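Protein chains in written order, with our numbering: chain E, 1 to 262; chain C, 263 to 589.
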Amino acid sequence: MGRIVVCIKGVPKPGTVKVDKETHTLRRESAELILNPPDRPALEVALRLKDQTNFEVIAISMGPPNMVPLLQKVYALGVDDIYLISDRAFAGSDTLATSRILAKALSLLSPFDLVVMGARSIDGETGQVPPETASLLNLPSITYVKELRFVDGKFIAIREDDFGEEEVEFSPAAVVSIVPEIDYVRPPSLKRLLSLKEITPKILTNAELNLDEASIGLSGSPTQVADVFEKTLVSRGEIFEGEPDELAEKLIEVLKEKGFLA
Amino acid sequence: MAECIFAFGQCFEGKLHPASLEILTPLREVADRLNKRLILIGLADDKEKFLAIPELKKLLADEVWYIIHPNLKHLPDDLCERVLVYLASEHKPYGIFFPATKKGLSVAPRVAGSLQAGLCAHVNAFEVKNGNLFLLRPTYGENIIAKLTSQRLPIMATLALNAFPIKEAEKEPLIKELKHPEGFDWSTKLTIKNFKPPKKEPSRLSVAKVVVAGGMGLKSKENFQMLFELAKILKAEVGGTRPAVHAGWVEADRMIGVSGVSVRPKLYLAFGISGAIQHTVGMEGSEFIVSINIDKEAPMMKMAHIGFVCDAPSFLKALLRKLKAKD
Ligand SMILES: Cc1cc2nc3c(=O)[nH]c(=O)nc-3n(C[C@H](O)[C@H](O)[C@H](O)COP(=O)(O)OP(=O)(O)OC[C@H]3O[C@@H](n4cnc5c(N)ncnc54)[C@H](O)[C@@H]3O)c2cc1C
Ligand SMILES: Nc1ncnc2c1ncn2[C@@H]1O[C@H](COP(=O)(O)O)[C@@H](O)[C@H]1O
Chain E
1 MGRIVVCIKG VPKPGTVKVD KETHTLRRES AELILNPPDR PALEVALRLK DQTNFEVIAI
61 SMGPPNMVPL LQKVYALGVD DIYLISDRAF AGSDTLATSR ILAKALSLLS PFDLVVMGAR
121 SIDGETGQVP PETASLLNLP SITYVKELRF VDGKFIAIRE DDFGEEEVEF SPAAVVSIVP
181 EIDYVRPPSL KRLLSLKEIT PKILTNAELN LDEASIGLSG SPTQVADVFE KTLVSRGEIF
241 EGEPDELAEK LIEVLKEKGF LA
Chain C
263 MAECIFAFGQ CFEGKLHPAS LEILTPLREV ADRLNKRLIL IGLADDKEKF LAIPELKKLL
323 ADEVWYIIHP NLKHLPDDLC ERVLVYLASE HKPYGIFFPA TKKGLSVAPR VAGSLQAGLC
383 AHVNAFEVKN GNLFLLRPTY GENIIAKLTS QRLPIMATLA LNAFPIKEAE KEPLIKELKH
443 PEGFDWSTKL TIKNFKPPKK EPSRLSVAKV VVAGGMGLKS KENFQMLFEL AKILKAEVGG
503 TRPAVHAGWV EADRMIGVSG VSVRPKLYLA FGISGAIQHT VGMEGSEFIV SINIDKEAPM
563 MKMAHIGFVC DAPSFLKALL RKLKAKD
């Protein structure tokens, strides 16, 4: 039986984020977390492979302890095991430091056949973690995957590229990132939902990962914020109020004046 | 040491991706201010086709270095990484920059991982101060721009699409083929079984003269559809905000902003768009901005040259009725 590891991320619920004034990083402890939406189809892809080929599926997440309920919900979808990678030393990690931590955790979970991630996280929107983690593990990465099959010991993916669509074949192990185009995602299992209280994620701290503190967290992140500044907006135009009809008429006038309408 | 800057020149079958031309515009300025040589790196499978790329002679780069190998046809991510990491270790560039194309976003993190370098995403402006390079990009939260530095060299970033105009040089760059050493590992773990060119035409949004864009203030997919009618009349292209795309009202390739495309039209009409910075960085170069919003204080209303405080669906209905009556 092979093994698939899905990396999921908790992201602040839009509107609940606070930025740390000193480090200019997000204060994730204070935010309400939701599952990064693109990670949902990533889980579905892994679970479909499990249905077909009997892979064992493990979900892991690096984040603060308030990730636990999210991991439990993911357990209810049908994954076999859940892990939380959590340590104060990990806070403030940029994508390089995050990828180092995930790569180390994955190597502790090896051998695996596949690592599945989301195409991007909605808070950072970088999509850097999957290929960067793959590179640190010396594995191939296949990004923007729309479809994934497992045939005769090999994976076949349909992926989007700038000049077209590729059908790529590769052998285990590899890292894929999934674009959220899946038509259907399964609901949680009722039976599992009822037993959630007994399910707690296994915790991996830096005691287990044993990474040099200089390579993780804020100090292990080469990218630093030198400054942030607010863009101030000064009203520059005229504002009109009124009924839709008269306002639409006004716009037509302006468009004609400016030559956008004959 | 660190006297050159690499720009990733993404090409396929004798075509250079326009985004690779875009990034040369700001990098040219950076290279001049920091006194570095700007080098476009091209990886390809066919030398003749590569050298026939029409833009090559007008590039803003000082030099073009190209590497030819049959396995580079589809630019496999793992092999691209190995080739670029080799070049970086040989030439120790000050910076390595990629366009935020799918390929750029897939290869850059691999190179950054290998080189243990920081990698900034969504960069849409640079600043040079006291010989240091700062990368600017919009960040999480309302209307905040972050100025980033890297503690290590090379400085690496992926640059927003359409954020910079393509410019041509007067002088031809020096074009030379680089040979990798005997025994270099040209293998890739990715086998391309099949390749299909895109089914539909790419949208012309990024070059449109008139853009009609909609956000959540339009309330429904049906209402959003009206934008396409308006676009026909105004000879415009339709764009949307990220939430409108996520709601399924409009296709992803019509998203305007950091995660989508940038536009620079003569006329930009915003229907029910709040004007969050992730969106406005993609349209702030518009010449004339019109905003329709029920909230007078919305940032888009402040950016607009003319704003209408009004229910966007009703406004749009009235507008279409009047325009059609005039035909
Ligand atoms: C990392 C990251 C990347 C992002 N990238 C992008 C991106 O590339 N592009 C993008 O657009 N967004 C992006 N976003 C999201 C962005 O921050 C905003 O959330 C988004 O632009 C808001 O879209 P909106 O204006 O449609 O919706 P809202 O913010 O919900 O605004 C709706 C507006 O409509 C008005 N309104 C409500 N009802 C009516 C009515 N009846 N008539 C008229 N007006 C009405 C409201 O007053 C409001 O101003 C990104 C966010 C993050 C965190
Ligand atoms: N802290 C994390 N823990 C687990 N997975 C992560 C984490 N950060 C990013 N990922 C994975 O990487 C994908 C892309 O994220 P990003 O590179 O941040 O845009 C996400 O969809 C997740 O699958």
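Glycine included, each C-beta is placed from N, C-alpha and C at the ideal position. Quantities reported herein were computed from a predicted structural model and do not represent experimental measurements.
Consult DSSP for residue i and reduce its assignment to one of helix, strand or coil.
| i | result |
| --- | --- |
| C/Asn394 | strand |
| C/Arg299 | strand |
| E/Pro14 | coil |
| E/Leu211 | coil |
| C/Thr450 | coil |
| E/Tyr75 | helix |
| E/Asn206 | helix |
| E/Gly237 | coil |
| E/Glu167 | strand |
| E/Gly217 | coil |
| E/Asn66 | helix |
| C/Asn424 | coil |
| E/Met117 | strand |
| C/Glu432 | coil |
| E/Lys104 | helix |
| C/Cys342 | helix |
| C/Lys458 | strand |
| C/Arg399 | strand |
If you draw a straight line from the C-alpha of residue i to the C-alpha of residue j, how long is it?
| i | j | result |
| --- | --- | --- |
| C/Val552 | E/Gly153 | 56 Å |
| C/Ser655 | C/Glu491 | Examination of residue 655 of chain C is not possible in this model, given that chain C is present from 263 through 589 alone. |
| E/Ile158 | C/Lys455 | 10 Å |
| C/Ala574 | C/Glu559 | 15 Å |
| E/Ser215 | C/Ser521 | 29 Å |
| C/Leu440 | C/Ala374 | 22 Å |
| E/Ala262 | E/Lys256 | 6 Å |
| E/Ile156 | E/Leu148 | 6 Å |
| E/Ile101 | E/Ala46 | 22 Å |
| E/Leu71 | C/Met418 | 33 Å |
| E/Val145 | E/Leu218 | 31 Å |
| C/Val507 | C/Asn297 | 43 Å |
| E/Lys250 | C/Arg466 | 28 Å |
| E/Pro172 | E/Thr95 | 24 Å |
| E/Ala134 | C/Ala422 | 23 Å |
| C/Leu377 | C/Val347 | 7 Å |
| C/His384 | C/Arg399 | 6 Å |
Just to confirm my understanding: we take residue i, look at its own chain, exclude 5 residues before and 5 after, and list those with CB closer than 6 Å. What are they?
| i | result |
| --- | --- |
| C/Trp511 | Lys483, Phe486 |
| C/Trp448 | His331, Asn333 |
Residues of chain D with CB closer than 8 Å to the CB of residue i, please, in chain order.
| i | result |
| --- | --- |
| E/Tyr144 | Given the protein chain composition of this structure (E and C), no chain D is represented. |
Might you give, ordered along the chain, the residues of its own chain that have their beta carbon closer than 7 Å to the beta carbon of residue i, omitting 5 neighbours on each side?
| i | result |
| --- | --- |
| E/Arg120 | Pro38, Thr126, Gly127 |
| C/Leu367 | Thr420 |
| C/Pro280 | Ile428 |
| C/Thr450 | Asn333, Pro338, Asp340, Leu341 |
| E/Ile203 | Leu84, Ser86 |
| C/Pro416 | Ala350, Pro355, Tyr356, Gly357, Ile358, Leu377, Ala379 |
| E/Leu139 | Ala173, Ala174, Val175 |
My understanding is that residue i touches residue j, with C-beta atoms under 8 Å, so please give their C-beta distance in whole angstroms.
| i | j | result |
| --- | --- | --- |
| E/Asp123 | E/Pro12 | 6 Å |
| C/Asn555 | C/Met562 | 6 Å |
| E/Pro180 | E/Arg3 | Contact flag wrong, Cβ pair sits at about 24 Å. |
| C/Val525 | C/Ile518 | 6 Å |
| C/Arg290 | C/Leu300 | 6 Å |
Quick check: does the Cβ of residue i come within less than 6 Å of any heavy atom belonging to ligand 2?
| i | result |
| --- | --- |
| E/Arg48 | no |
| E/Gln128 | yes |
| E/Lys104 | no |
| C/Cys266 | no |
| E/Pro69 | no |
| E/Ser215 | no |
| E/Pro222 | no |
| E/Ser61 | yes |
| E/Gly124 | yes |
In chain order, what residues of the same chain lie with their CB nearer than 8 Å to the CB of residue i, ignoring the 5 residues before and after it?
| i | result |
| --- | --- |
| C/Leu581 | Leu492 |
Heavy atom of ligand 1 less than 6 Å from the Cβ of residue i, yes or no?
| i | result |
| --- | --- |
| C/His541 | yes |
| C/Leu568 | Per the sequence presented here, residue 568 of chain C reads as Ile, with Leu not at that position. Not so, every heavy atom of ligand 1 lies at least 6 Å from the Cβ. |
| C/Val662 | The displayed coordinates of chain C run from 263 to 589. Any statement about residue 662 of chain C would go beyond what the structure contains. |
| C/Ile454 | no |
| C/Asp557 | yes |
| C/Ser465 | no |
| C/Arg504 | yes |
Should residue i be listed as close to ligand 4, given that the test is whether its C-beta is under 6 Å from any heavy atom?
| i | result |
| --- | --- |
| E/Ser121 | As far as ligands go, the structure on display features ligand 1 and ligand 2 and does not contain ligand 4. |
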